[in-house]
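Enquirer: Letter by letter, the sequence shown follows residues 953 to 1742 in the working numbering. Think of the CB as a built atom: it goes at the ideal place given N, C-alpha and C, for glycine as much as any other residue.
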Amino acid sequence: MCKSCYHCGEEVPVNTDFKVEILGEVRDMCCPGCETVAQTIVDSGLTSYYQYRTAPAEKADLVPEQLQALIHYDNEQVQSEFVRSSDDKAEVTLSLEGVSCAACAWLIEKQVSQKDGVLSIRVNTTTNRAILSWDKTKTRLSELLSSIHKLGYTAAPFEADKQEAAYHQQMKQYLYRLGIAGLATMQVMMLAVALYLEVFGDLEPEFKNYFRWVSLIFATPVMLYSALPFYINAWRSIRSRTLGMDVPVSIAMIFAYCASLVATVTEQGEVFFESISMFAFFLLVGRFLEMRARRKAAAASGNLLKLIPAIATKLDGEQVPVKTLVLGDRIRVLPGEHVPADGKIISGRVHIDESMLTGESVPVVKTIDDYVYAGTLNGEEAFELEVMSSKADSMISNIVRLQDEAQLSKPKIAEIADVVARYFVGIILIIAAGTWFFWHEARPDDAFWIMLSVLVATCPCALSLATPTALTCATSRMGSYGILLRKSHVFETLCKVNHLIIDKTGTLTHGDIVISSVSTPSNYTEQQALAIAAALESHANHPIARAFKTYNDQDIEVTDVENIIGSGIRGMYQGQEAKIGSARYVLGDAVTAEPNSVYMSLDGVHIATFRYQDPVRKEAKSFIKRFKQAGIKITLLTGDSQTNAESVAKEIGIEHVVSGAKPQDKLNYLKSVDSKDITMMIGDGINDAPTLAGAHLSVAMGGGTDVAKASADMVLLGDHLERILEARKLALQTRKIIRENLAWSLGYNLLILPLAVAGLVAPYFAVVGMSASSIIVVSNSLRLLKEQGK
């Protein structure tokens, strides 16, 4: 039942907690405004107002309407679409408006992270997104969004379509500002040329002053409208006691305009209206091109979410919005449609195009109980689907979230660059002031111009863009390889790997194991042995266990099942202890282990031996060869027998083999490697999870267990090993481009600063140089989006 606000009578949003004690009872309020007004009435001793009023009060408007609307984000039903929750922890991806540089990101992170209940917040200046985590028992999402709004930025849960619309609106505004600045620049420049070159040699002083007033009229809209974004960003920085990139730019423009205004009114001194207009025009051109380039880099992950359709069809034919689907809903997916939600097939056998996840264009065959994912494309047959996860927890949403997290990572050199960029602005302001004092004594007429050149030319915009743009492009490229990044250090560590440790079953081999033969040295038939084995193995998720799936018999029941990771499975069958697994685990030293075999016993009596086949992946040999050529040490680390392990190792060219290793043995081996080794572990099973978690860099096969994927830094969605080679090549290219970007941006600033201080850089050239340096950095990063050569 809905509650009404005791103060204004409006409906109280779900999951809010605004209360005031009035007339001896705790009353519900709908918003902070009503809560504050009601508390003020009570504190002032005017509670009788509520006893004698004849109608509810007007809704309190102590906070802007925009902030009042944020309260609805606390509604659990609304949050289910975009908030990811685990116990008391919640996480959301936000779209941000107004973020223009690294200083903006630093400011938001610094202010919001100080709020009670905030676990973490990380801002990406390239994609204009943030990932916010908070404790639901200590704070509300609306309060955190309000704190961002109070800093002067707009924040809302990320939705691809809404961000696209906001981007187009922002670009339209930039075009308007750019158009006005361009027109004004042309007009003012014509007047300036006439004045400076004395085209009209006999022009009376009154007409010269008239030209100045006309120039003032044209330059004023540029100052008040076109340049407004620079002032807003600068004011945010100053108000929060930090120095952003737009502070020196804004100071330069305001100083120049004020000096020109005084000169026009007093009819004494020089005017700089043409330079002001040109400043704004070139700066806006640079920002416009920079925004377009950054948008291109950030578009890939957002475009993934657009693959999820807006409407789903239920089994009774009713069409409903996808965002209203709940777990357990059953829907029908027609031929040629994108799958609307993650779920399992309950009817039909279909071909699903999963290229948007794995990068592989060949459709995958899916049958009953197989999982399909939102955004993938159905083939030519309709099928029925049971929804198994919400949109916020879908595979595609997780991919976008993890890509965003990966883009927030920064190599140590880039973190240093961000700190340098923040302090560099302060240093520039000091140098600019010193420059003015020096030239005011030497050449007073030029002092102002030279100071403006120093302020504009040295703005470290390119330095702040050097890393985030490269990482955004590289992460998008990695997604096209079918690789899901889960941890932030992947790019940096992948470049340093010098020791590859790799599992066998399901990694170097396909893991599509089939039972090739069965021997039964007992009274049990082959069919009975397979049925008992299937009942035991149904409690495991190893590739060998999946080979028994087709032999399940509902009449066979085992109890007290225990999975002995790395050895096998035990349970009770008809009062007897049943074991299945390795020869040593099942029978001790009673038999000699055969290659590719699984043994089963009842009360210690050997009743069956199952022989299986698991073909080596066709790309495994070339994969190992190319890692060897890169000078990387390779170890095959497996729980399988020595015979099986050495057979595979010999086939694909691995010399160093560690076999028969249980999970603890694998972890012990990892701890024993040389401290100079930077290890990369590739695996797919539960027994690989500890090693995956302990390696410097870990890769889980997409077809592996959830535990393995949860422990890994990267997930190989398509199970194609050569993608890891492409990922390593991309990581090396990313490192190179980050270094190039940092070298260019630092080199430019170190070169232009002494030239500007010496008075050798004209203000218009300073603007062009600053804008060009940012565009060069972003354009260089965009090379990572192109196909890499083999």
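Give the single residue among Ile1584, Glu1674, Arg1081 whose Cα lies nearest to the Cα of Met1632.
Expert: As a working note, residue 1632 is residue 680 in the sequence shown. The shortest C-alpha separation from Met1632 is found at Ile1584.
Enquirer: Could I get the ranges of all uninterrupted beta strand (DSSP E) runs contained in the segment 1515-1549, with 3 residues as the minimum, in chain order?
Expert: 1520-1525, 1528-1533
Enquirer: For Val1609, is the beta carbon positioned less than 8 angstroms from some heavy atom of the ligand ADP?
Expert: Absent from the structure shown: the ligand ADP. Ligands present: none.
Enquirer: Ordered along the chain, which non-local residues of its own chain (more than five positions away) have a Cβ less than 7 angstroms from that of Asn1515?
Expert: As a first step, residue 1515 must be located in the sequence shown, where it is residue number 563. Cβ neighbours of Asn1515 within its own chain (closer than 7 angstroms, five residues either side excluded): His1491, Ala1492, Ile1521.
Enquirer: Would you mind listing the alpha helix (DSSP H) stretches within the segment 1669-1695 that are 4+ residues and don't spill past its ends, in chain order?
Expert: none
Enquirer: Note down, in chain order, each residue of its chain lying with its Cβ closer than 7 angstroms to the Cβ of Cys957, except the 5 sequence neighbours on either side.
Expert: As a first step, residue 957 must be located in the sequence shown, where it is residue number 5. Taken in chain order, the residues that qualify are Val964, Asp980, Met981, Cys982, Cys986.
Enquirer: Taking buried to mean at least 16 other C-beta atoms within 10 Å of its own C-beta, is Arg1164 buried or exposed?
Expert: Taking the first residue of the sequence shown as 1, we reach residue 1164 at position 212. Classification of Arg1164: buried, given that the 10 Å Cβ count is 16 or more.
Enquirer: For Tyr1700, which of helix, strand or coil comes out of DSSP?
Expert: Numbered from 1 along the sequence shown, position 748 holds the residue referred to as residue 1700. The answer is helix: DSSP assigns Tyr1700 an H, G or I state.
Enquirer: According to DSSP, Lys1041 sits in a beta bridge with which residue or residues?
Expert: Working through the sequence shown from its first residue, we reach residue 1041 at position 89. DSSP, once it has assigned bridges, lists Ser1038, Asp1087 as partnering Lys1041.
Enquirer: Have a look at the DSSP bridge pairing and note the partners of His1648.
Expert: Here residue 1648 corresponds to residue number 696 of the sequence shown, with the count starting at 1. None; His1648 has no bridge partner.
Enquirer: Check whether the segment 1585-1603 and the segment 1450-1463 are in contact - that is, three or more C-beta pairs closer than 8 angstroms.
Expert: Touching, yes, given that three or more Cβ pairs across the two stretches are closer than 8 angstroms.
Enquirer: Going by beta-carbon coordinates alone, are Ala1483 and Asp1505 separated by less than 9 angstroms?
Expert: If you number the sequence shown from 1, residue 1483 lands on position 531. If you number the sequence shown from 1, residue 1505 lands on position 553. Against a cut-off of 9 angstroms, the Cβ pair of Asp1505 and Ala1483 comes out as a contact.
Enquirer: Taking only three categories from DSSP, how would you classify Asn1330?
Expert: Locating residue 1330 in the sequence shown gives position 378, counting from the first residue. Strand, per DSSP.
Enquirer: Could you have a look at Ala1710 and say whether DSSP puts it in helix, strand or coil?
Expert: Against the sequence shown, residue 1710 aligns to sequence position 758. Coil at Ala1710, not helix or strand.
Enquirer: May I ask you to report which of helix, strand or coil DSSP gives Phe970?
Expert: On the sequence shown, position 18 is the one that residue 970 refers to. Three-state DSSP puts Phe970 in a strand.
Enquirer: How is Arg1188 classed by DSSP in three states: helix, strand or coil?
Expert: Here residue 1188 refers to the residue found at position 236 when the sequence shown is read from its first residue. Three-state DSSP puts Arg1188 in a helix.
Enquirer: If you pair each beta-carbon of the segment 1602-1620 with each one of the segment 1424-1438, do three or more pairs fall below 8 angstroms?
Expert: no
Enquirer: Using CA coordinates, which residue listed in Arg1680, Ala1179, Ser1099, Tyr1025 is at the minimum distance from Asn1450?
Expert: For this step, residue 1450 is matched to residue 498 along the sequence shown. Cα-wise, what sits closest to Asn1450 is Arg1680.
Enquirer: Quick check: the Cα distance between Ile1320 and Ser1726, rounded to an integer number of angstroms?
Expert: What you label residue 1320 is simply residue 368 of the sequence shown in a count that begins at 1. What you label residue 1726 is simply residue 774 of the sequence shown in a count that begins at 1. Roughly 53 angstroms between the two C-alpha positions.
Enquirer: So Val1201 is in the alpha helix (DSSP H); what residue range does that whole segment cover?
Expert: Taking the first residue of the sequence shown as position 1, residue 1201 is located at position 249. Val1201 -> alpha helix (DSSP H) spans 1198-1218.
Enquirer: If I measure Cβ to Cβ from Glu1306 and keep anything under 6 angstroms in the same chain, skipping five residues before and after, which residues do I get?
Expert: Taking the sequence shown and counting its residues from 1, one reaches residue 1306 at position 354. Val1316, Thr1328, listed in sequence order.
Enquirer: Figure out for me which residue from Pro1287, Glu973, Asn1693, Leu1143 has the closest Cα to the Cα of Leu1423.
Expert: For the purposes of this step, residue 1423 is taken as residue 471 along the sequence shown, with counting starting at 1. Minimum Cα distance to Leu1423 is reached at Asn1693.
Enquirer: Measure the Cβ-Cβ separation of Trp1401 and Gly1711 and say whether it is below 9 angstroms.
Expert: Counting from 1 along the sequence shown, the entry for residue 1401 is found at position 449. Counting from 1 along the sequence shown, the entry for residue 1711 is found at position 759. Contact: yes.
Enquirer: In this structure, how does DSSP classify Ser956 when only helix, strand and coil are distinguished?
Expert: Start at 1 with the first residue of the sequence shown, and residue 956 comes out as number 4. In the structure shown, Ser956 sits in a strand (DSSP, three-state: E or B).
Enquirer: In this structure, what does DSSP give as the bridge partners for Gln1565?
Expert: As a first step, residue 1565 must be located in the sequence shown, where it is residue number 613. In the DSSP output, where bridge partners are listed per residue, Gln1565 has Val1466.
Enquirer: Buried or exposed for Lys1592, going by 16 or more other Cβ atoms inside 10 Å?
Expert: Stepping through the sequence shown from its first residue, residue 1592 is reached at position 640. Note on identity: in this sequence residue 1592 is Asp, with Lys being the wrong assignment. By the neighbour-count rule (16 or more Cβ atoms within 10 Å), Asp1592 is buried.
Enquirer: Taking its Cβ as the centre, do 16 or more other Cβ atoms sit within 10 Å of Ile1576, making it buried, or is it exposed?
Expert: Residue 1576 sits at position 624 when you count from the first residue of the sequence shown. That one is buried.
Enquirer: Would you identify the three-state DSSP class for Met1123, choosing helix, strand or coil?
Expert: Indexing the sequence shown from 1 puts residue 1123 at position 171. It is helical.
Enquirer: From the DSSP output, in three-state form, read off His1303 for me.
Expert: In the sequence shown, residue 1303 corresponds to position 351, counting from 1. Looking at His1303 - three-state DSSP - the assignment turns out to be strand.
Enquirer: Taking the straight line between their C-alpha atoms, what separation do you get for Ala1718 and Phe1225?
Expert: Translated into positions along the sequence shown, residue 1718 becomes position 766. Translated into positions along the sequence shown, residue 1225 becomes position 273. Each residue's Cα considered, the two are about 16 angstroms apart.
Enquirer: Residue range of the alpha helix (DSSP H) that Ser1342 falls in?
Expert: The residue given as residue 1342 occupies position 390 in the sequence shown. That residue, Ser1342, is in no alpha helix (DSSP H); it is neither H nor E in DSSP.
Enquirer: When you compare only the Cα positions, how much space is there between Asp1345 and Val1278?
Expert: Here residue 1345 is taken as the residue at index 393 of the sequence shown, counted from 1. Here residue 1278 is taken as the residue at index 326 of the sequence shown, counted from 1. Rounded to whole angstroms, Asp1345 to Val1278 spans 12 angstroms at the Cα level.
Enquirer: Using 9 angstroms as the threshold, is the C-beta distance between Asn967 and Asp1026 below it?
Expert: Looking up residue 967 in the sequence shown gives position 15. Looking up residue 1026 in the sequence shown gives position 74. A contact, by the Cβ cut-off of 9 angstroms.
Enquirer: State the Cα-Cα distance for the pair Gly1523 and His1558, rounded to the nearest angstrom.
Expert: Start at 1 with the first residue of the sequence shown, and residue 1523 comes out as number 571. Start at 1 with the first residue of the sequence shown, and residue 1558 comes out as number 606. Going from the Cα of Gly1523 to the Cα of His1558 covers about 15 angstroms.
Enquirer: Tell me where the alpha helix (DSSP H) around Gly1431 begins and ends.
Expert: Mapped onto the sequence shown, residue 1431 falls at position 479. In the DSSP annotation of this structure, the continuous segment of the alpha helix (DSSP H) that includes Gly1431 starts and ends at 1413-1432.
Enquirer: Is the CB-CB distance between Ala1108 and Ser1229 below 9 angstroms?
Expert: The residue you call residue 1108 lines up with position 156 of the sequence shown. The residue you call residue 1229 lines up with position 277 of the sequence shown. No, these two residues do not count as a Cβ contact at 9 angstroms.
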